Structure formats: structure tokens, C-alpha cells
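A.B. asks: Protein chains in written order, with this note's numbering: chain A, 8 to 235; chain B, 8 to 235. Cβ coordinates follow ideal geometry from the N, Cα and C atoms, glycine included. Quantities reported herein were computed from a predicted structural model and do not represent experimental measurements. Below is one structure. I have some questions about it.
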DNA sequence: GCAAGGTAGATAGTAATACTATCAAAATAG
DNA sequence: CTATTTTGATAGTATTACTATCTACCTTGC
């Protein structure tokens, strides 16, 4: 039995819903591959159109600009991750175990089907690591935020914060702990790959050592009492 | 008595040493103000030239491009911070106290002279928070890294890792702990300002609560034993 | 089978960006 | 005071990031 979990996206993320047409779906899927291959900065709608055998103008009918496409992809990823988290921690009682599952999800270690809905999750994960912060590190964060473009990220952070509070009721930094956990994992993964001397996970790149680091970091902060 | 601590920069960061001429110094100082005011993306060498009353071509004689200027500014900041760290922890014996000083430095809380060498440190600190990651989140990280452009950052991380190991000999993640500390502080500072629901430091923006969070995060991870 | 409405393809064009080149004027160094 | 370097001024190119328009096509509704 196959489940098709359709992720309904915020309408302000696009001009025309890309999941509503074949061309739109190809823009999203090929966009992921292009961003992954040549990076966000070097990507242009012209290059994407060429690779797809369509025209620049057609892509502009779906997305206002390249930045909005990035925000869309990243938002999709956070919604996917949030769903995965709910699904995989569904009938677990122990919040410790839930957070353990979360760590594996964030590192994308045990991924059964690398293609979901024809979306290349490894490529998308890479984009999130390398480019996601460019989605909010702009002058128009405030306006984008007002349009709810970052809601999926906030929802995920909220859900993680909830689990943190299950494990440690009264912990006063649940949201900050959640957002910093996500960002730290991605940063360290990027550094491990590109600037390994900023980490302790030198060659050979040791995903499991990175996991051990963030696990220790997370659980030690949740175990230690707060003294003021 | 005045000290002029001249920071000698890696020669690959520029085409002509900006500290070697009046025009060069103005490019750096006005560049900081421009990046701070309108952001890295919207800044151009033309706008910088206009604001300085000089010409685009003159700036290109100092810096290959806008990205290199950013890398220069960020590298300058890390060298400044590294010096400050050495200076302010000079005759301290207690590594705990050293790390405490570091936290204050990273947050730029107690800054006696906001202008060092005519460089606006508050503006530069802001740039580091909002734009520094764009210095390495590019396709040419590896090449830039080979040219030692990130050495100041690595040196700082190495020094912090050293203090961490004083406090906690044998801690296996000293470098990752150092780099994640820096990144976490900057991320949380950015979120507090722009996406406060990702933090627990809502309005009114509470710098001291952020400090309390990272302090707890840092020292709990260094206090907790590692179980494998 | 056909009209109406919408989607995509194709071409063109504009303003801004990210540079490069050149030459003369001005500053400075020996 | 001359030689060299630095800056100013102007110009030009390729690319980017769009916007506009028109035609072909493809539904679907009747």
C-alpha cells in the first residue's frame, strides 16, 4: 500500500501552484538538482529552463524569483521533516527516544526511499545544509516572515521544543535549544565536508562522530540544572 | 598611551593592501557602513564608490570583488576578536573565567571604544551576524580555504578549543564545540532580532537571557561525562 | 465539432550588475 | 624635478533578472 502524503504549501510561496501541473512539478524537481549541482548563487532561471527544455518566462509564471524558489524548497523540506518526525515518534512514550529519532532524521542517516514524490531528498538535504540560511539572511526577512514563509520551520522548532519540554518540564530555552540544535547539525555537517579543521570529524568523514557530538551536546544541556 | 595594534592580513585577501593608503582605508571603513546599512546582497561597488566620492574602478584595484571584500572584513573581525581574547584572558588562570570573558566578547556586550582604528565595531559585528556565513557558503569554499582565507576563523576556533581543553582535558569535541558556540551565538542573536519565535528571547529583546542560554549550553556540555 | 479560456513556447527588450580597458591627471618618491 | 605609482574619468561588454507580447496549443463544456 502506498501513501501519498501531499504537502499543502503556503500560497504566498509561489505565483502558481507548482504541484498543480507537470511543468510546475518539473521546475521543483529539476530546481533541486540544479541548486545541488551548481549552487544557489550560480543558478539562474535561464539555466534551469535550458536544462528542462522550457523557457525562462515559463518559470517566472510559477515563482517570482530564484530566492522564492529556494524558500519554497526549504519550506517543503521542513514540512516533510515535521511529518516524518510525527510519524516516526508516533507511538513512542519516551521523549529521550523521540529526540534520538530526531537526530537521525536531521542527519538523514536511515533514509529508506531517497525519492519521495520524485523529489531527490539527498539533494534537497544538501541544499538545506548549504543554502537554507540564505532563505532568511536577507534584508526582507521581516516582510517574508510577515507572509508566513518561515512557518514550516517555526512549526518544526515548536514541535521539537514540545518534546524537549516533555523530557525536561520547565526548561526555559526550549525553542532556542531546538533551533540551535538544527543549525548546529547543519553547520557541523557543512564544516566536516568543507572546513574540517573547524570540527573534530576529520577525514574519514565520520557521520557517527558528528551524531555522538550533537547527542552529547543536546542531552547534557537538558540534564544539567539551571543555576542563576 | 595609545596602542595601535596593527592587524596584518593575509595578502590573498586583497589585490592591493587597503591599509596601505587613505583610499584603501576608506574602502574598508565605508564598506562596513554600507554592508551594515543596506546588506551584502544589495551593496555594489558602484554604490560604495558613489558614497565615497570615488570610482568603481578604483575599488576594483583593491578587491577582486564584493565577496572578497566581505571575506576581508570578516577575517579582520576574527583577528580582532582573537587578539581581544588573548588580551583579556592574559593573566587569568581559571579556564572557566576565560570562557566567561569569551561569551561577553562574542556578544560584544562591554565594548569600551566602539571605534577601533576608525572601524565601527558595532556595524562590523552586525555584518558578522548577518553576512559572515556567506563568506564560506559558496561553491568556491575549497579554493578559498586553500588560499587560507579562513585562517583567522580557524585560529580563533583553535584558541577557544585550547581553553576548552584546559577546562576539560580529554574532551573529544573541542573544535566542534568552539565553532558551534560561535555560530550558535550569532544565529540566536539574529533570530532574536528577526525571527524571535525561534528563540526564547522575545520582546523585549533580552541580550542577557541569550547570554544565560549559551552559558548554560556551553558549561553543561563541558561538565557532563561522555558515555559511549 | 467548435468556441472560450487558460497554459506554454518563442522572441524581444530593459535596467542593473559585475566587471575590464584605457588614458590622462595628480600625487609621491627618489 | 623627473620617474613611477595611484587615482579619476569615461567607455564598453557580458550576464543577470526580470517584463511584455504574441502565437500555438490544449482542454472542457456544450
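1. Taking 7 Å as the CB-CB cut-off, is residue 182 of chain B touching chain A?
2. Whole alpha helix (DSSP H) runs in the region 99 to 132 of chain B with 4 or more residues, listed along the chain?
3. Here's the rule: buried if 16 or more other CB atoms are within 10 angstroms of the residue's CB, otherwise exposed. What is residue 28 of chain A?
4. Please report the straight-line C-alpha distance between residue 229 of chain A and residue 233 of chain B, rounded to a whole angstrom.
5. Would a check of beta-carbon distances place residue 8 of chain A closer than 7 Å to chain B?
6. Please return the same chain residues whose Cβ sits closer than 6 Å to the Cβ of residue 8 of chain B, not counting the five positions on each side in sequence.
7. Among B/20, B/90, B/67, B/204, which residue has its Cα nearest to the Cα of residue 162 of chain A?
8. Between residue 189 of chain A and residue 102 of chain A, which are expected to be in contact by the criterion C-beta below 8 Å, what is the C-beta distance as a whole number of angstroms?
9. Closest Cβ-Cβ distance between residue 75 of chain A and chain B: below 7 Å?
10. Going along the chain, which residues of the region 214 to 227 of chain A sit with their C-beta nearer than 7 Å to a C-beta in chain B?
11. Anything in chain A within Cβ reach of residue 46 of chain B, meaning under 8 Å, just list it in chain order.
12. With distances taken between CB atoms, is the gap from residue 76 of chain A to residue 47 of chain A smaller than 7 Å?
13. Is residue 201 of chain A close to chain B, meaning its C-beta is less than 7 Å from at least one C-beta of that chain?
14. Three-state secondary structure (DSSP) at residue 6 of chain B?
15. Output needed in chain order: residues of the region 60 to 85 of chain B with a Cβ under 8 Å from some Cβ in chain A.
16. Since residue 233 of chain B meets chain A, which of its residues come closer than 7 Å, beta carbon to beta carbon?
17. Identify every run of the beta strand (DSSP E) within the region 189 to 228 of chain A, keeping only runs that are complete inside it and at least 3 residues long; order them along the chain.
18. Can you find a C-beta in chain B that's less than 7 Å from the C-beta of residue 195 of chain A?
19. What does the alpha-carbon distance come out to for the pair residue 64 of chain A and residue 183 of chain A?
20. Below 7 Å between beta carbons: does that hold for residue 86 of chain A and residue 14 of chain A?
21. Give me the Cα-Cα distance between residue 62 of chain B and residue 44 of chain B, rounded to the nearest whole angstrom.
22. So that I know if they touch, is there some Cβ in chain B lying closer than 7 Å to that of residue 164 of chain A?
23. Who are the near neighbours of residue 40 of chain B in its chain, counting only those whose CB is closer than 7 Å to its CB and skipping five residues on each side?
24. Within 10 angstroms of its Cβ, does residue 148 of chain B collect 16 or more other Cβ (buried), or is it exposed?
25. Can you list, in chain order, the residues of its chain with a C-beta nearer than 7 Å to that of residue 26 of chain B? Leave out the 5 residues immediately preceding and following it.
26. Would you say residue 181 of chain B and residue 196 of chain B are within 7 Å of each other, going by their C-beta atoms?
27. Please confirm whether residue 105 of chain B and residue 96 of chain B have their CB atoms less than 7 Å apart.
28. For residue 72 of chain B, does the count of other Cβ atoms within 10 angstroms reach 16, so buried, or fall short, so exposed?
29. Thinking just about the alpha-carbon of each residue, which of B/56, B/200, B/223, B/227 is nearest to the one in residue 213 of chain B?
30. Using a Cβ cut-off of 7 Å, pull out every chain B residue sitting near residue 42 of chain A, in sequence order please.
31. Is there at least one Cβ from chain A nearer than 7 Å to residue 191 of chain B's Cβ?
32. For a contact defined as C-beta to C-beta under 7 Å, what are the partners of residue 109 of chain A on chain B?
33. Whose Cβ in chain A lies nearer than 7 Å to the Cβ of residue 101 of chain B?
34. Whose C-alpha, out of B/225, B/58, B/99, is nearest the C-alpha of residue 178 of chain B?
35. Reducing DSSP to helix, strand and coil, say where residue 180 of chain A ends up.
36. Report the residues of the region 149 to 179 of chain B with a CB closer than 9 Å to any CB of chain A, ordered along the chain.
C.D. replies: A quick look at the data gives this:
1. Counting from one through the second chain, the residue named residue 182 of chain B turns up at place 175. Taking Cβ atoms only, chain A reaches closer than 7 Å to residue 182 of chain B, which makes this a yes.
2. 102 to 114
3. Counting from one through the first chain, the residue named residue 28 of chain A turns up at place 21. So residue 28 of chain A ends up on the exposed side.
4. Position 222 of the first chain, counted from the start, is the residue given in the question as residue 229 of chain A. Position 226 of the second chain, counted from the start, is the residue given in the question as residue 233 of chain B. Rounded to whole angstroms, residue 229 of chain A to residue 233 of chain B spans 15 Å at the Cα level.
5. Start at 1 with the first residue of the first chain, and residue 8 of chain A comes out as number 1. Confidence in residue 8 of chain A is poor, its pLDDT being 44 and thus under 50, which makes the residue's placement too unreliable to answer from.
6. Here residue 8 of chain B is taken as the residue at index 1 of the second chain, counted from 1. Because residue 8 of chain B carries a pLDDT of 42, less than 50, the predicted location of this residue cannot be relied on, and the following value inherits that uncertainty. Closer than 6 Å at Cβ, skipping near neighbours: no residue.
7. For the purposes of this step, residue 162 of chain A is taken as residue 155 along the first chain, with counting starting at 1. For residue 162 of chain A, the nearest C-alpha among the options comes from B/204.
8. Here residue 189 of chain A corresponds to residue number 182 of the first chain, with the count starting at 1. Here residue 102 of chain A corresponds to residue number 95 of the first chain, with the count starting at 1. Incorrect: roughly 17 Å between the Cβ atoms, too far for contact.
9. As a working note, residue 75 of chain A is residue 68 in the first chain. No, its Cβ sits nowhere closer than 7 Å to a Cβ of chain B.
10. 220, 223, 224, 227
11. In the second chain, counting from the first residue as 1, residue 46 of chain B sits at position 39. Here the neighbours are 145, 146.
12. Mapped onto the first chain, residue 76 of chain A falls at position 69. Mapped onto the first chain, residue 47 of chain A falls at position 40. Against a cut-off of 7 Å, the Cβ pair of residue 47 of chain A and residue 76 of chain A comes out as no contact.
13. Sequence index remark: in the first chain, residue 201 of chain A carries index 194 (1-based). Chain B, which has a Cβ nearer than 7 Å to the Cβ of residue 201 of chain A, makes this yes.
14. Outside the modelled stretch of chain B, which goes from 8 to 235, sits residue 6 of chain B, for which no answer is possible.
15. none
16. To locate residue 233 of chain B, count along the second chain from 1; it is residue 226. Correct list: 223.
17. none
18. Start at 1 with the first residue of the first chain, and residue 195 of chain A comes out as number 188. Yes, residue 195 of chain A lies at the interface with chain B (some Cβ there is under 7 Å from its Cβ).
19. Working through the first chain from its first residue, we reach residue 64 of chain A at position 57. Working through the first chain from its first residue, we reach residue 183 of chain A at position 176. Computed Cα separation, rounded: 41 Å.
20. The residue labelled residue 86 of chain A in the question sits at position 79 within the first chain. The residue labelled residue 14 of chain A in the question sits at position 7 within the first chain. Yes, these two residues count as a Cβ contact at 7 Å.
21. Here residue 62 of chain B refers to the residue found at position 55 of the second chain. Here residue 44 of chain B refers to the residue found at position 37 of the second chain. Taking the straight line joining both Cα atoms gives about 20 Å.
22. As a first step, residue 164 of chain A is located in the first chain; it is residue number 157 there, counting from the start. True, the Cβ-Cβ gap to chain B drops below 7 Å.
23. To locate residue 40 of chain B, count along the second chain from 1; it is residue 33. 127, 130, listed in sequence order.
24. Locating residue 148 of chain B in the second chain gives position 141, where the first residue counts as 1. Residue 148 of chain B comes out buried.
25. Within the second chain, the letter at position 19 stands for residue 26 of chain B. So the list reads 32, once near-sequence residues are dropped.
26. Sequence index remark: in the second chain, residue 181 of chain B carries index 174 (1-based). Sequence index remark: in the second chain, residue 196 of chain B carries index 189 (1-based). No. Outside cutoff.
27. Looking up residue 105 of chain B in the second chain gives position 98. Looking up residue 96 of chain B in the second chain gives position 89. Yes, the Cβ-Cβ distance between residue 105 of chain B and residue 96 of chain B is below 7 Å.
28. For the purposes of this step, residue 72 of chain B is taken as residue 65 along the second chain, with counting starting at 1. So residue 72 of chain B ends up on the exposed side.
29. If you number the second chain from 1, residue 213 of chain B lands on position 206. Nearest C-alpha to residue 213 of chain B: B/200.
30. Position 35 of the first chain, counted from the start, is the residue given in the question as residue 42 of chain A. In chain order: nothing, as chain B lies at least about 11 Å away.
31. Translated into the one-based positions of the second chain, residue 191 of chain B becomes position 184. Answer yes: the Cβ-Cβ gap between residue 191 of chain B and chain A drops below 7 Å somewhere.
32. One-based indexing of the first chain puts residue 109 of chain A at position 102. Under the 7 Å cutoff, chain B gives no residues; its nearest Cβ is about 16 Å from residue 109 of chain A.
33. Position 94 of the second chain, counted from the start, is the residue given in the question as residue 101 of chain B. Under the 7 Å cutoff, chain A gives no residues; its nearest Cβ is about 17 Å from residue 101 of chain B.
34. By one-based count along the second chain, residue 178 of chain B stands at place 171. If we check each option's Cα against that of residue 178 of chain B, B/225 comes out closest.
35. As a first step, residue 180 of chain A is located in the first chain; it is residue number 173 there, counting from the start. Residue 180 of chain A falls in the coil class under three-state DSSP.
36. 149, 152, 157, 160, 161, 164, 165, 168, 179
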